[in-house]
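Protein chains in written order, with my numbering: chain W, -16 to 207; chain B, 5 to 232; chain A, 20 to 271.
Where a beta carbon is used, it is the ideal one built from N, C-alpha and C, also for glycine.
Below is one structure, written out as structure tokens; comments come after it.
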Amino acid sequence: MNYTFQFGVALESLPALLKAAILTVELSFFAFWGGALIGLAGAAAKTFGGRVVRQLAQAYVVFFTNTPALLQIYLLYYGLPEVGILLPSFTCVLLGLTLNAGAYLTEIQRAGFLSVRQTEIEAAETLGMSLWLQIRFVIVPHIAKTIYPPLANMFLILILGSSMAAVFSVDELTGTAINISTETYRWLEMFTLVAGVYIVLTFIASLMLAFVGKRIFRVKARMF
Amino acid sequence: MVERILNEIPRFFEYYSAIFLLKAMATTLLMTLLGVGLGFLLGFLIVYLRQTPGMFWLPVRIIAITYVEVFRRIPFLVILYLVLFFIQAVSPNASLFTIATIGICMLSIAYTSEIIRAGFESVPRQQVEAASAMNFSRWKILRNVIVPQSWPVILPPAFAYMVSFIKDTALVSQIGVVELTFAGKVMNNRGYSALLVYGTILILYFILSYPLTRLGAHLEKRLAPIKN
Amino acid sequence: MPTWKNVLHQLKISNLSSAYGKNVVLTDVSFTVQKGEVVSLVGPSGSGKSTLLRVLVGLTAPTGGSVTLQGDTINYKNKNSVNLSRDRMAIVFQQYNLFQNMDVMRNVTIAPIMIKKRGRAEVEDEARKLLEQVGLSEKLSAYPDDLSGGQQQRVAIARALALKPDLLLLDEVTSALDPELVTEVLDTIRELASGGMTMIIVSHEMGFVREISDQVIMMDEGRIVEIGSPEDIIDNPKTQRAKDFFGKILRH
Chain W
-16 MNYTFQFGVA
-6 LESLPALLKA
4 AILTVELSFF
14 AFWGGALIGL
24 AGAAAKTFGG
34 RVVRQLAQAY
44 VVFFTNTPAL
54 LQIYLLYYGL
64 PEVGILLPSF
74 TCVLLGLTLN
84 AGAYLTEIQR
94 AGFLSVRQTE
104 IEAAETLGMS
114 LWLQIRFVIV
124 PHIAKTIYPP
134 LANMFLILIL
144 GSSMAAVFSV
154 DELTGTAINI
164 STETYRWLEM
174 FTLVAGVYIV
184 LTFIASLMLA
194 FVGKRIFRVK
204 ARMF
Chain B
5 MVERILNEIP
15 RFFEYYSAIF
25 LLKAMATTLL
35 MTLLGVGLGF
45 LLGFLIVYLR
55 QTPGMFWLPV
65 RIIAITYVEV
75 FRRIPFLVIL
85 YLVLFFIQAV
95 SPNASLFTIA
105 TIGICMLSIA
115 YTSEIIRAGF
125 ESVPRQQVEA
135 ASAMNFSRWK
145 ILRNVIVPQS
155 WPVILPPAFA
165 YMVSFIKDTA
175 LVSQIGVVEL
185 TFAGKVMNNR
195 GYSALLVYGT
205 ILILYFILSY
215 PLTRLGAHLE
225 KRLAPIKN
Chain A
20 MPTWKNVLHQ
30 LKISNLSSAY
40 GKNVVLTDVS
50 FTVQKGEVVS
60 LVGPSGSGKS
70 TLLRVLVGLT
80 APTGGSVTLQ
90 GDTINYKNKN
100 SVNLSRDRMA
110 IVFQQYNLFQ
120 NMDVMRNVTI
130 APIMIKKRGR
140 AEVEDEARKL
150 LEQVGLSEKL
160 SAYPDDLSGG
170 QQQRVAIARA
180 LALKPDLLLL
190 DEVTSALDPE
200 LVTEVLDTIR
210 ELASGGMTMI
220 IVSHEMGFVR
230 EISDQVIMMD
240 EGRIVEIGSP
250 EDIIDNPKTQ
260 RAKDFFGKIL
270 RH
């Protein structure tokens, strides 16, 4: 093999990578919460809505879960300017990731709604709880506990999915790695390092999510 | 906007463009079949290695587990670039298609091995122990007891994974493989409206993925009672 | 009455121990089983009874002591030695014994055909006789989840017998069954005992144990507490621990 490894150059760029990691987390974080809100609306639409609303929500979910996120972003990135909407790269990517996540989060939250068993509601009613109390003390905690693992998993998926932003010149982790590599020509070392950063990032995120899950939601801790 | 699209449609679907798109779609499909096929085969191998008992095989077990845990925590784009640069350093004439397929297989194996492992572990331990006490070899136990009972647990996630795989192939466009997404970029660069081009490509991906999603959902319903 | 191999044999266990790291499961267990004898292991949960059986068939590793089967010492670290011992012993567990993906006939015949490499016709013939013996001849093509717990256990016993073992190990085979189903399984075991099968039984069914055992061993916390004839152990326990245990059990 005609290649001498020079990790020194790569390690020098660690600070820049760590800065880029912040952008990765930002992207994942906002896409997650945006998607969660859309998901809540979508899940509500699919569970409680009338026929038209349900079908619209279903169409949204089916479309965004059966097509690649990359292409969804391509459509926004190159398509929106054609109708006169000009968005900065970051926003465009964020919008795409949010819409994509929203579809999956719709299904997750819908499963949560459906998981509330009739018996629990009846038990709460016989205890004399009003609808509001039922929701607060029985339904919401149950749903939260049920959907926490898939939600946490979704967040981790988003951290990895955010790397797509590199395609659109957003300087998150992967994008920064590409930039630095084009300057230093140390592609293998840079990408090995970036892989390491992603592993550490997802590891820390997993730990925190498991911790939060255990303490706040009393979900059994698991390394996702 | 709409007028522009309507004007472009005849040229867009003209013979050579259409062929170009269809060939790209075939590349995506081929990569998917290879990636899923090899993915499950090698995924099975990883699970087998991972469960080999005895102190002697400990290093092998550790390597297998580490591989899975590492490759599930790295974005595909990063894996792809790593495979690209590594292979090009070793063998500069490797085709992009081969590199992309290797890259996507390496990702695939990490995920399929987890699906298979979950399937195997769903078979009650006592059945495995009963077979072991009857002097069944590991391979005989897998073939006669574990695998036949794992299908209901493996198939639904397997189909879901296949759909996810098709979507992952879109990223190989970034290293220049002429598959569906790359074809889209080319068409867009030729001047066609992005809405038209990417809209069409999205629909083509949908046509590839949706039937698999439905098949998976159908299988899940049918296999559910047997799972009990 | 089925005829079993007329090989003179005994099982001798000497100072057997087993531990997972700091967790000691068996300590210094020693006893002997003669051909045709029925030995029962009794004691509270977690006393190591099941572990002892598991060690014998090589599912759990022993950390000390020795096991001699028909004069041959079994080296549990050696795969061939373990396989040889499994050839002569058969075990039935508390539940989930049967292979859910095979019908009753296949469950009983698969090991003799595939492992002992015997002829299909001969094996199936024997299987039919065995299943008739346990009272399940109409269920040859039924699948395990069509059968009741008691029926499944009887098939599991037939399957064990199809291996023509010199020693049969029964690990709490009635503990997971509904009370109505326990009798049919105990009847089957009773018949085996009167047929001369050498058995080690782990059970909570004290009346049954007292009736069919030649030797009763009471274990607690991985050790043998008392060992002797059923009358000695169950009716006249000598140690405090045994007195407590039998006192509690017999009060039901």
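* To do: Using beta-carbon positions only, say whether ARG73 (chain A) and LEU88 (chain A) come within less than 8 Å of one another.
  => The residue given as residue 73 (chain A) occupies position 54 in the third sequence. The residue given as residue 88 (chain A) occupies position 69 in the third sequence. Going by C-beta atoms, ARG73 (chain A) is not nearer than 8 Å to LEU88 (chain A).
* To do: Could you tell me if LEU10 (chain B) is buried or exposed, where buried requires 16 or more neighbouring beta carbons within 10 angstroms of its beta carbon?
  => Indexing the second sequence from 1 puts residue 10 (chain B) at position 6. Exposed, since its Cβ has fewer than 16 Cβ neighbours within 10 Å.
* Could you name the residues of the same chain whose beta carbon sits closer than 8 Å to that of MET20 (chain A), not counting the 5 residues immediately before and after it, in chain order? => Position 1 of the third sequence, counted from the first residue, corresponds to residue 20 (chain A). Unreliable placement is indicated for MET20 (chain A), whose pLDDT of 32 sits below 50; the coordinate value is still reported in the next sentence. Correct list, in chain order: GLY214.
* Asked: Which of helix, strand or coil does DSSP assign to LYS189 (chain B)?
  -> As a working mapping, residue 189 (chain B) is identified with position 185 in the second sequence. Residue state, collapsed to three classes: helix.
* Asked: Name the chain A residues that come within less than 7 Å of ALA137 (chain B), Cβ to Cβ?
  -> By 1-based counting over the second sequence, the position of residue 137 (chain B) is 133. Near ALA137 (chain B) (Cβ distances below 7 Å), the residues of chain A are VAL76, LEU78, ARG105, ILE110.
* Could you tell me the distance, in whole angstroms, from the CA atom of SER100 (chain A) to the CA atom of SER168 (chain B)? => Counted from its first residue, the third sequence places residue 100 (chain A) at position 81. Counted from its first residue, the second sequence places residue 168 (chain B) at position 164. Each residue's alpha carbon lies about 48 Å from the other.
* First and last residue of the uninterrupted beta strand (DSSP E) at ASN42 (chain A) -> Position 23 of the third sequence, counted from the start, is the residue given in the question as residue 42 (chain A). Looking at the DSSP string, the run of the beta strand (DSSP E) that includes ASN42 (chain A) is 42 to 53.
* To do: For GLN234 (chain A), write down the residues that DSSP places opposite it in a beta bridge.
  => As a working mapping, residue 234 (chain A) is identified with position 215 in the third sequence. GLN234 (chain A) pairs with A:VAL58.
* To do: Determine which residues of the stretch 60 to 77 of chain W have a Cβ less than 9 Å from any Cβ of chain B, and write them out in chain order.
  => TYR60, TYR61, GLY62, LEU63, PRO64, GLU65, VAL66, GLY67
* Within its chain, find whatever has a CB closer than 7 Å to the CB of ARG260 (chain A); leave out the 5 residues flanking it on each side and keep chain order. => On the third sequence, position 241 is the one that residue 260 (chain A) refers to. Cβ neighbours of ARG260 (chain A) beyond the five flanking positions: ASP239, VAL244.
* Kindly say whether VAL167 (chain B), judged by its beta-carbon, lies nearer than 8 Å to any beta-carbon of chain W. => As a working mapping, residue 167 (chain B) is identified with position 163 in the second sequence. Chain W contact via Cβ: present.
* Asked: What residue does the beta strand (DSSP E) around ARG169 (chain W) start on, and which one ends it?
  -> Here the question's residue 169 (chain W) lines up with position 186 in the first sequence. From DSSP, ARG169 (chain W) is part of no beta strand (DSSP E); its letter is neither H nor E.
* **Neighbourhood of ALA52 (chain W) by C-beta distance below 6 Å, restricted to the same chain and skipping five residues each side** => Walking along the first sequence from the start, residue 52 (chain W) turns up at place 69. So the qualifying residues of the chain are ASN83.
* Give a yes or no on whether the C-beta atoms belonging to ALA114 (chain B) and PHE75 (chain B) are separated by under 8 Å. => The residue you call residue 114 (chain B) lines up with position 110 of the second sequence. The residue you call residue 75 (chain B) lines up with position 71 of the second sequence. Taking 8 Å as the Cβ cut-off, ALA114 (chain B) and PHE75 (chain B) qualify as a contacting pair.
* Could you check the C-alpha separation between LEU223 (chain B) and THR165 (chain W) for me, to the nearest Å? => Numbered from 1 along the second sequence, position 219 holds the residue referred to as residue 223 (chain B). Numbered from 1 along the first sequence, position 182 holds the residue referred to as residue 165 (chain W). Roughly 47 Å between the two C-alpha positions.
* Show which residues of chain B have a CB atom less than 7 Å away from the CB atom of THR157 (chain W). => Reading the first sequence from its first residue, position 174 is the one you call residue 157 (chain W). Near THR157 (chain W) (Cβ distances below 7 Å), the residues of chain B are PRO79, LEU81, VAL82.
* At 9 Å on the CB atoms, spell out the chain W contacts of VAL74 (chain B), in chain order. => Working through the second sequence from its first residue, we reach residue 74 (chain B) at position 70. By Cβ distance, chain W contributes ALA178, ILE182.
* Taking the Cβ atom as the reference point for each residue, do ILE253 (chain A) and VAL58 (chain A) lie within a distance shorter than 8 Å? -> As a position in the third sequence, residue 253 (chain A) is number 234, starting the count at 1. As a position in the third sequence, residue 58 (chain A) is number 39, starting the count at 1. Cβ distance not < 8 Å, so ILE253 (chain A) and VAL58 (chain A) don't count as in contact.
* Beta carbon proximity, LEU182 (chain A) to chain B, threshold 8 Å -> On the third sequence, position 163 is the one that residue 182 (chain A) refers to. Answer yes: the Cβ-Cβ gap between LEU182 (chain A) and chain B drops below 8 Å somewhere.
* **Short CB-CB distance (under 8 Å) between GLU133 (chain B) and chain A** => In the second sequence, the residue the question calls residue 133 (chain B) occupies position 129. It does: the Cβ of GLU133 (chain B) has a partner Cβ on chain A nearer than 8 Å.
* To do: Name, please, each residue of chain A whose Cβ falls closer than 8 Å to the Cβ of PRO161 (chain B).
  => The residue given as residue 161 (chain B) occupies position 157 in the second sequence. Going along chain A, no residue has its Cβ under 8 Å from PRO161 (chain B), so there is no contact; the nearest lies around 20 Å.
* Quick one: what does DSSP say GLU245 (chain A) is sitting in, helix, strand or coil? -> Counting from 1 along the third sequence, the entry for residue 245 (chain A) is found at position 226. Strand at GLU245 (chain A).
* What residues from chain A crowd round PHE140 (chain B), counting only those whose CB sits closer than 8 Å? -> For the purposes of this step, residue 140 (chain B) is taken as the residue at position 136 of the second sequence. Within chain A, the residues near PHE140 (chain B) are ALA130, MET133, ILE134.
* **Bridge-paired residues (DSSP) for ILE219 (chain A)** => By one-based count along the third sequence, residue 219 (chain A) stands at place 200. BP columns for ILE219 (chain A) point to A:VAL58, A:LEU188.
* If MET29 (chain B) and ILE108 (chain B) are in contact, beta carbons under 8 Å, what's the gap, nearest whole angstrom? -> Here residue 29 (chain B) is taken as the residue at index 25 of the second sequence, counted from 1. Here residue 108 (chain B) is taken as the residue at index 104 of the second sequence, counted from 1. About 16 Å; that fails the 8 Å criterion.
* To do: Would you mind telling me which residues of chain B sit closer than 7 Å to PRO132 (chain W), beta carbon to beta carbon, in chain order?
  => As a first step, residue 132 (chain W) must be located in the first sequence, where it is residue number 149. Within 7 Å Cβ-Cβ: nothing; PRO132 (chain W) doesn't reach chain B, min ~14 Å.
* Asked: If you compare alpha carbons, which of A:LEU211, A:PHE265, A:THR207 is closest to VAL235 (chain A)?
  -> For this step, residue 235 (chain A) is matched to residue 216 along the third sequence. Residue A:PHE265 is the option with its Cα nearest to VAL235 (chain A).
* What residue range is occupied by the uninterrupted beta strand (DSSP E) comprising GLY84 (chain A)? -> Position 65 of the third sequence, counting from 1, holds the residue named residue 84 (chain A). First-last of the beta strand (DSSP E) with GLY84 (chain A): 83 to 88.
* Nearest-angstrom Cα separation, counted from ALA175 (chain A) out to GLY247 (chain A) -> Along the third sequence, read from residue 1 onward, the residue named residue 247 (chain A) stands at position 228. Along the third sequence, read from residue 1 onward, the residue named residue 175 (chain A) stands at position 156. If you take the alpha carbons of GLY247 (chain A) and ALA175 (chain A), they lie about 29 Å apart.
* Asked: Grouping DSSP H, G and I as helix and E and B as strand, with all else coil, what is THR50 (chain W)?
  -> Position 67 of the first sequence, counting from 1, holds the residue named residue 50 (chain W). DSSP places THR50 (chain W) in coil when its eight states are reduced to three.
* Asked: Can you name, in chain order, every residue of its own chain whose Cβ lies under 7 Å from the Cβ of GLU145 (chain A), other than the five neighbours on each side?
  -> Stepping through the third sequence from its first residue, residue 145 (chain A) is reached at position 126. Counting only Cβ-Cβ distances below 7 Å, and skipping sequence neighbours, we find ALA181.
* To do: Tell me, please, whether the CB atom of GLN89 (chain A) is closer than 8 Å to any CB atom in chain B?
  => The residue labelled residue 89 (chain A) in the question sits at position 70 within the third sequence. So, not an interface residue.
* Between ALA148 (chain W) and the rest of its own chain, which residues show a CB-CB distance below 7 Å, the 5 nearest in sequence each way excluded? -> Here residue 148 (chain W) refers to the residue found at position 165 when the first sequence is read from its first residue. The residues are LEU10, VAL76, GLU155, GLY158.
* Asked: chain B partners of ASN116 (chain A), CB-CB under 8 Å?
  -> Position 97 of the third sequence, counting from 1, holds the residue named residue 116 (chain A). The contacting residues are GLN130, GLN131, ALA134.
* Grab me the residues of GLU7 (chain B)'s own chain with a C-beta within less than 6 Å of its C-beta, minus the 5 sequence neighbours each way, in chain order. => Along the second sequence, read from residue 1 onward, the residue named residue 7 (chain B) stands at position 3. Once the five neighbours on either side are set aside, GLU7 (chain B) has no close Cβ partner at all.
* Reduced DSSP secondary structure (H/G/I, E/B, other) of MET108 (chain A) -> Here the question's residue 108 (chain A) lines up with position 89 in the third sequence. Reduced to three states, the DSSP call for MET108 (chain A) is strand.
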